[in-house]
Amino acid sequence: SLSDLFTKRLTGLLNMSLTRGPNTYPPSLFTAALADMTSGPTPVDHLVISGDLTNLSDPAEFAHARRLLDSALPHPATPSFVSVVPGNHDVYTPASLAANTFGSHFADLAASSPSLAASS
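Add 1215 to the 1-based position in the sequence shown for the numbering used here, that's all there is to it.
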């Protein structure tokens, strides 16, 4: 929403636009890293994603991050294989925290953080 833009999001958006550019974190880098960790001669037993799946905590970013995660893994993302912990950018604004946007997309993989995993 417009009111959310005039919180930390405006600063974050300006920083991202002016200093990093749109291709700083290309999705192909994320999917290649996941492929490297989950296949090959020594795949990981458990994957931990330690936050900052989003830049501005926007709902569309969360949906995109979940689609990327699900499509890049060799099998469905389940709590027995993947744990996700939110980073500061995943709870960037009071509105995103109150709406539990992180939890609405990653609750099943954040079971060890019940307050953030609970659906609103």
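Each residue gets a CB set at the ideal place from its N, CA and C atoms; glycine is no exception.
Please read all numbers here as calculations on a predicted model, not as lab measurements.
- Ala1250 has its alpha-carbon roughly 12 Å from the corresponding atom of Thr1257.
- A distance below 6 Å between beta-carbons, with the five flanking residues on each side excluded, links Met1252 to the following residues of its chain, in chain order: Val1259.
- When secondary structure is reduced to three states using DSSP, Leu1262 falls in the strand class.
- For Val1299, DSSP records a beta bridge to Ile1264.
- About 12 Å separates the CB atoms of Val1297 and Ser1265; that is not less than 8 Å, and the two are not in contact.
- In terms of Cα proximity to Phe1321, the closest of Leu1244, Ala1248, Thr1293, Phe1245 is Thr1293.
- Between the beta-carbon of Pro1309 and that of Ser1254 there is about 40 Å, and that puts the pair past the 8 Å contact cut.
- Residue state for Ala1310 is assigned as helix, using DSSP reduced to three classes.
- Judged by their CB atoms, Phe1245 and Leu1283 are nearer to each other than the 7 Å cut-off.
- When the beta-carbon positions are compared, Asp1305 and Leu1268 come within less than 7 Å of each other.
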